[in-house]
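Beneath this line is the structure, given in structure tokens, with notes to follow.
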Amino acid sequence: MSVSTGSQSSSVNSMQEVMDESSSELVMMHDDESTINSSSSVVHKKDHVFIRDEAGHGDPRPEPRPTQSVQSQALHYRNRERFATIKSASLVTRQIHEHEQENELREQMSGYKRMRRQHQKQLIALENKLKAEMDEHRLKLQKEVETHANNSSIELEKLAKKQVAIIEKEAKVAAADEKKFQQQILAQQKKDLTTFLESQKKQYKICKEKIKEEMNEDHSTPKKEKQERISKHKENLQHTQAEEEAHLLTQQRLYYDKNCRFFKRKIMIKRHEVEQQNIREELNKKRTQKEMEHAMLIRHDESTRELEYRQLHTLQKLRMDLIRLQHQTELENQLEYNKRRERELHRKHVMELRQQPKNLKAMEMQIKKQFQDTCKVQTKQYKALKNHQLEVTPKNEHKTILKTLKDEQTSKTCHFGRAV
Numbered sequence: 021m022s023v024s025t026g027s028q029s030s031s032v033n034s035m036q037e038v039m040d041e042s043s044s045e046l047v048m049m050h051d052d053e054s055t056i057n058s059s060s061s062v063v064h065k066k067d068h069v070f071i072r073d074e075a076g077h078g079d080p081r082p083e084p085r086p087t088q089s090v091q092s093q094a095l096h097y098r099n100r101e102r103f104a105t106i107k108s109a110s111l112v113t114r115q116i117h118e119h120e121q122e123n124e125l126r127e128q129m130s131g132y133k134r135m136r137r138q139h140q141k142q143l144i145a146l147e148n149k150l151k152a153e154m155d156e157h158r159l160k161l162q163k164e165v166e167t168h169a170n171n172s173s174i175e176l177e178k179l180a181k182k183q184v185a186i187i188e189k190e191a192k193v194a195a196a197d198e199k200k201f202q203q204q205i206l207a208q209q210k211k212d213l214t215t216f217l218e219s220q221k222k223q224y225k226i227c228k229e230k231i232k233e234e235m236n237e238d239h240s241t242p243k244k245e246k247q248e249r250i251s252k253h254k255e256n257l258q259h260t261q262a263e264e265e266a267h268l269l270t271q272q273r274l275y276y277d278k279n280c281r282f283f284k285r286k287i288m289i290k291r292h293e294v295e296q297q298n299i300r301e302e303l304n305k306k307r308t309q310k311e312m313e314h315a316m317l318i319r320h321d322e323s324t325r326e327l328e329y330r331q332l333h334t335l336q337k338l339r340m341d342l343i344r345l346q347h348q349t350e351l352e353n354q355l356e357y358n359k360r361r362e363r364e365l366h367r368k369h370v371m372e373l374r375q376q377p378k379n380l381k382a383m384e385m386q387i388k389k390q391f392q393d394t395c396k397v398q399t400k401q402y403k404a405l406k407n408h409q410l411e412v413t414p415k416n417e418h419k420t421i422l423k424t425l426k427d428e429q430t431s432k433t434c435h436f437g438r439a440v
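Next comes the structure, spelled out in structure tokens:
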């Protein structure tokens with residue numbers, strides 16, 4: 021059974037090869053015609069050479085005068101010999117047509133590549149133009165930001181100089197007022213001290229005279245004792261006046277220090293208020309500048325986004341136009357190619373129809389030969405299988421085995437014939 025299966029598969033493969041060969045013969049039939057034409061021209065040339073050889077080496081006896089037909093035939097052979105290397109008209113026409121098709125395809129592809137390169141150049145040129153425009157826009161915005169920053173710094177410097185000038189002026193005025201205030205206090209204290217000293221002198225004279233009167237009235241006290249009592253009384257009075265003067269000076273000094281501190285406190289509070297006012301003014305100026313800068317940056321961002329959107333829209337529009345043009349060109353090329361292929365297939369189909377009877381006859385002969393070869397191979401395989409089965413089976417079963425193998429071979433041969 022394995023041998024029969026192998027024979028059947030080999031026969032099917034042989035049939036497939038025959039079909040492939042027949043299809044290849046249909047495609048190459050046109051080339052065979054040109055080869056036959058050229059070989060026929062060579063045969064005619066050889067025949068003509070043989071005729072000339074016979075004419076040159078034949079009998080030198082005079083030949084009869086050739087007739088009109090013989091002369092025309094000789095002229096025909098001479099022309100064939102002269103133009104034996106020229107290709108046939110059909111072959112030249114076919115080669116010209118193929119060359120034109122190749123030129124058309126090459127020109128079509130070169131035009132398509134040229135168009136793609138041109139589109140790429142257009143896109144690159146537009147991108148460079150848009151990039152230059154964006155760079156110029158960003159540079160303009162950057163200059164505007166720098167100008168605003170410079171103006172802001174100049175305004176802050178002017179404000180700082182103004183505030184410093186105000187603070188220096190206030191400090192000078194405060195120093196002058198403080199000095200004037202101190203001088204007023206010192207003058208008033210000096211006047212009070214002078215008045216106090218004068219009152220002490222008057223009081224000292226009054227007390228001195230009063231003591232002298234008391235001593236003059238007292239006649240019982242010795243003069244020396246009176247002198248001692250007067251001296252002691254003077255010392256007590258001078259000591260009391262000195263203490264009162266020291267107390268007055270202490271009070272004046274405390275009053276002077278207190279009033280100077282109070283005046284300095286007022287000056288410091290006023291200076292602090294001025295500094296706070298300056299800080300508030302500086303902060304308001306900075307806040308105004310920041311708000312202006314923020315509004316300017318928002319305006320810049322909006323203008324940049326609008327420019328980017330406009331540029332992207334322009335670039336996308338160009339890309340879509342180029343893609344649409346490219347697709348249209350591809351479609352036209354494809355339609356042209358389809359028409360050309362349809363014409364070629366139609367021409368090939370007409371040629372195949374013309375060559376079909378000859379090809380079918382050749383295919384039939386080849387299939388018959390292949391069928392015969394396959395049958396021979398199958399017969400050999402069945403003989404080998406029969407011998408093997410007869411060797412391995414008992415003798416009383418040989419008849420049955422022979423009949424089975426015979427029927428199987430017959431059925432497979434019939435089946436293969438129907439398939440062919």
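With our numbering as the guide, the letters of the sequence shown map in order to residues 21 to 440. Ideal Cβ placement from N, Cα and C applies to all residues, glycine included.
- The Cβ atoms of Gln331 and Leu125 do not sit closer than 8 Å to each other.
- In this structure the region 292-300 does not touch the region 152-161; the number of beta carbon pairs closer than 8 Å is below three.
- With contacts defined as CB atoms closer than 8 Å, His320 and Leu161 qualify as a contacting pair.
- Within the same chain, and ignoring the five residues on either side of Ile250 in sequence, the residues whose Cβ sits closer than 7 Å to its Cβ are Ile231 and Met235.
- The beta-carbon distance between Tyr224 and Leu257, rounded to whole angstroms, is 6 Å. This is short enough to meet the 8 Å contact definition.
- The straight-line gap separating the alpha-carbon atoms of Glu248 and Gln261 is approximately 20 Å.
- For Thr413, the three-state secondary structure derived from DSSP is coil.
- With a beta-carbon spacing of about 11 Å, Glu198 and Phe282 fall beyond the 8 Å limit used to define contacts.
- A straight-line Cα-Cα distance of about 17 Å links Met316 and Ser173.
- Between the region 335-343 and the region 135-145, the count of Cβ pairs shorter than 8 Å is three or higher; the stretches touch.
- Around the beta carbon of Tyr402, 16 or more other beta carbons sit within 10 angstroms, so the residue counts as buried.
- In the structure shown, Ser130 falls within a helical segment according to DSSP collapsed to helix, strand and coil.
- Between Leu146 and Leu335, the C-beta spacing is below 8 Å.
- Using a C-beta cut-off of 8 Å, the region 272-292 makes contact with the region 207-221, since at least three inter-stretch Cβ pairs fall below that distance.
- Going by beta carbons, Leu213 and Lys305 fall outside the 8 Å limit.
- When secondary structure is reduced to three states using DSSP, Ser108 falls in the coil class, being assigned neither helix nor strand.
- One alpha carbon belongs to Val370, the other to Ala382, and they sit about 19 Å apart.
- The alpha carbon of Leu179 has as its nearest neighbour, out of Glu301, Ile144 and Lys388, the alpha carbon of Glu301.
- With 16 or more other CB atoms across the displayed protein chains lying within 10 angstroms of its CB, Leu405 is buried.
- In this structure His168 is in contact with Met312, their Cβ atoms being roughly 7 Å apart against a cut-off of 8 Å.
- Annotation for Leu365: no residue places its beta carbon closer than 7 Å to its own, counting only its chain and skipping 5 residues before and after.
- The beta carbon of Asn407 sits closer than 6 Å to no other beta carbon from its chain once the five residues preceding and following it are set aside.
- Between the C-alpha atoms of Thr424 and Phe391 there is a straight-line separation of about 23 Å.
- Shown here for His157: same chain residues with a beta carbon closer than 8 Å to its own, the five before and five after excluded, namely Ser323, Thr324 and Leu327 in chain order.
- Around the beta carbon of Thr215, fewer than 16 other beta carbons sit within 10 angstroms, so the residue counts as exposed.
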